[in-house]
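Colleague: Please see the structure below; I have some questions.
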Amino acid sequence: MRSVPAISTVPLASRLAAVGLALAAALAGSVASAPVTGAVPAEAVAAPALAGLKVVLTNDDSARGLDAGYGTDGKGLYELRRALCNAGADVLVVAPWAQQSGAGARMTSPGFSPIAMTVQAVTPPAAYAGDCGAASTGGAVFGVCVAVAPCTSTSPSASPADAVNVALSRFAANYWSDGPDVVLSGTNFGQNVGPTLNHSGTVGAIVTAHEYGVPAVAFSAEVPRDLAQIPNVQFTATASFAVRLLGSLVKWGALKDDLVLNVNHPFVGAGETIGRAVKTDVGYGSDLGLSFIDDVPATGGTYRLTVGAPVPETRRNADTTALARNDIPITALDGDWGRSMPIQVALLIASLR
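The working numbering puts the sequence shown at residues 21 to 373.
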């Protein structure tokens, strides 16, 4: 892995500088929502040039794009791939073979003997087959399974972290001798805000990229509360925004080793207006509470897990709150589980002596 500066040695202001630059340079003011269609939005094509930007693209929804209706199986990835290529980026997709939502940063462990992990070419869905022809990679798409080749419909899938791990440690070198400029994860089917980040495979992928010292950004598209609108999740608008954001980061030289950003695009319904891109913190609340139902005796038994009541937000400037008001929250992550509590930890250690 490439050397990464310890988080404790990187001032918070430096870690957040890229966010501030991007917001101030290109994302201030209202951001018009792109139409939800199969066509590439004009603003994606006209966005700041990404010519030659080397992008490893992954997700936690699978590389295969089998669910053309709802997009739960990679449609967001293909919309993002299209927008990036149309903006001049050189895109290589290395993603899980099958759905891996909720995988977090889980990695496959070989134990005491090697485990087979296959990187297998995937034919893009027909609607996206003509994209990326001008890229040096051809926009190549690969799915990763934990099995000896070939990957089949029943093969266990690699996790998002596995996909990034194999891409950055070995596979991407087949395309770029000096590796990618950035790792992008998404666009995810559903928002990743608040405590969801701890369990998100989309976010786990960019945390893994950070371990290699590669700048990384996760993109997620909010799922509407009205289930009838789920086929209209705004992957195209999110991809357009992603290109604008990357253009700003490139323009201002902000693609640094310590850059880890989480971006969520709201679902903008009929009669609603999209807000602004805003810098936020990870919230404590959640609109997707989980609850165990049924009673189980002390001897054990079976619970049922279901969606429970939302968890109210209590943190100021939370990503959850920003998304709820149709803003686009951009949150800088530090990429580790550390927390700065020098006084408390010092007192604890002193008490143990």
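The C-beta atom is built at its ideal place from N, Cα and C for all residues, glycine as well.
So, for residue 326: in the same chain, excluding its five sequence neighbours on each side, which residues have a beta-carbon less than 7 Å away from its beta-carbon?
Modeller: Here the set comprises 311, 313.
Colleague: Who does residue 77 pair with in a DSSP beta bridge?
Modeller: Per DSSP, 113, 204.
Colleague: Alpha carbon to alpha carbon, how far is residue 246 from residue 290? Give it in angstroms, no decimals.
Modeller: Cα to Cα, residue 290 sits roughly 12 Å from residue 246.
Colleague: Can you look up residue 283 in the DSSP assignment and give me helix, strand or coil?
Modeller: Residue 283 falls in the strand class under three-state DSSP.
Colleague: Within 10 angstroms of the Cβ of residue 316, are there 16 or more other Cβ atoms? Answer buried if so, exposed if not.
Modeller: Counting Cβ neighbours within 10 Å, residue 316 comes out exposed, since fewer than 16 surround it.
Colleague: Taking the C-alpha atoms as reference points, what is the distance between residue 74 and residue 345?
Modeller: Whole-angstrom Cα-Cα distance: 34 Å.
Colleague: If I follow the unbroken beta strand (DSSP E) through residue 165, where does it start and stop?
Modeller: It spans 161 to 165 - the beta strand (DSSP E) in which residue 165 sits, taken as one unbroken run.
Colleague: For residue 362, which residues in the same chain have their Cβ closer than 6 Å to its Cβ, ignoring the five residues on either side in sequence?
Modeller: Hits under 6 Å: none found.
Colleague: Per DSSP, what kind of secondary structure is residue 54 in: helix, strand or coil?
Modeller: Interpretation of residue 54 is limited by its pLDDT of 40, a score under 50 that renders its predicted location unreliable; no figure is taken from the coordinates.
Colleague: Is the number of C-beta pairs between the region 256 to 264 and the region 182 to 196 that are closer than 8 Å three or more?
Modeller: Counting Cβ pairs under 8 Å, fewer than three are found: no touch.
Colleague: Any idea if residue 99 is buried or exposed, counting beta-carbon neighbours within 10 angstroms, 16 or more meaning buried?
Modeller: Buried is the call here.
Colleague: Roughly how many angstroms lie between the CA atoms of residue 87 and residue 328, to the nearest whole one?
Modeller: One C-alpha to the other measures close to 27 Å.
Colleague: Identify every run of the alpha helix (DSSP H) within the region 236 to 306, keeping only runs that are complete inside it and at least 4 residues long; order them along the chain.
Modeller: Here the runs fully enclosed are 255 to 271.
Colleague: Can you tell me which of the three DSSP states residue 367 falls into?
Modeller: Residue state, collapsed to three classes: helix.
Colleague: At a cut of 8 Å, does the region 122 to 131 reach the region 101 to 113 through at least three beta carbon pairs?
Modeller: Counting Cβ pairs under 8 Å, fewer than three are found: no touch.
Colleague: Need the endpoints of the alpha helix (DSSP H) that residue 92 sits in, please.
Modeller: From DSSP, residue 92 is part of no alpha helix (DSSP H); its letter is neither H nor E.
Colleague: Could you spell out the range, first to last residue, of the alpha helix (DSSP H) harbouring residue 221?
Modeller: First-last of the alpha helix (DSSP H) with residue 221: 221 to 231.
Colleague: Using only alpha-carbon positions, find the residue among 212, 231, 287, 234 that is nearest to residue 248.
Modeller: Here the closest residue by C-alpha is 287.
Colleague: Do residue 255 and residue 95 count as a contact pair if the criterion is CB distance below 7 Å?
Modeller: In contact: residue 95 and residue 255 (Cβ atoms closer than 7 Å).
Colleague: Alpha carbon to alpha carbon, how far is residue 308 from residue 208?
Modeller: The alpha-carbon atoms of residue 308 and residue 208 are separated by roughly 16 Å.
Colleague: Going by beta-carbon coordinates alone, are residue 235 and residue 275 separated by less than 7 Å?
Modeller: Their beta carbons are under 7 Å apart, which means residue 235 touches residue 275 by this criterion.
Colleague: On the DSSP bridge list, what partners appear for residue 352?
Modeller: Paired residues: 281.
Colleague: Can you tell me which of the three DSSP states residue 69 falls into?
Modeller: Here residue 69 sits in coil by DSSP.
Colleague: Below 6 Å CB to CB, which residues in the same chain sit around residue 226 once its five sequence neighbours on both sides are set aside?
Modeller: The residues are 205, 236, 238, 280.
Colleague: Assign residue 162 to buried or exposed, taking buried as 16 or more other Cβ atoms, counted over all protein chains shown, within 10 Å of its Cβ.
Modeller: Buried is the call here.
Colleague: Within the continuous beta strand (DSSP E) that includes residue 189, where are the two ends?
Modeller: No beta strand (DSSP E) holds residue 189; the alpha helix (DSSP H) holding it covers 180 to 189.
Colleague: Quick check on the DSSP output: the alpha helix (DSSP H) that includes residue 340 runs from which residue to which?
Modeller: Element bounds for residue 340: 339 to 344.
Colleague: Give a yes or no on contact between the region 163 to 175 and the region 210 to 224, applying the rule of three or more CB pairs nearer than 8 Å.
Modeller: As far as the Cβ criterion goes, the region 163 to 175 does not touch the region 210 to 224, which means the pair count is below three.
Colleague: Helix, strand or coil for residue 308 per DSSP?
Modeller: Looking at residue 308 - three-state DSSP - the assignment turns out to be coil, as it is neither helix nor strand.
Colleague: State the DSSP-derived secondary structure class of residue 325, mapped to helix, strand or coil.
Modeller: Reduced to three states, the DSSP call for residue 325 is strand.
Colleague: Going straight from the alpha carbon of residue 92 to that of residue 81, what length do you get?
Modeller: Approximately 6 Å, taken between the alpha carbons.
Colleague: Assign residue 267 to one of two classes, buried (16 or more other C-beta atoms within 10 Å of its C-beta) or exposed (fewer than that).
Modeller: Residue 267 should be labelled buried.
Colleague: Since residue 339 and residue 213 should fall inside the 8 Å C-beta cutoff, what is the C-beta to C-beta distance between them, to a whole number of angstroms?
Modeller: Confirmed, Cβ separation roughly 4 Å.
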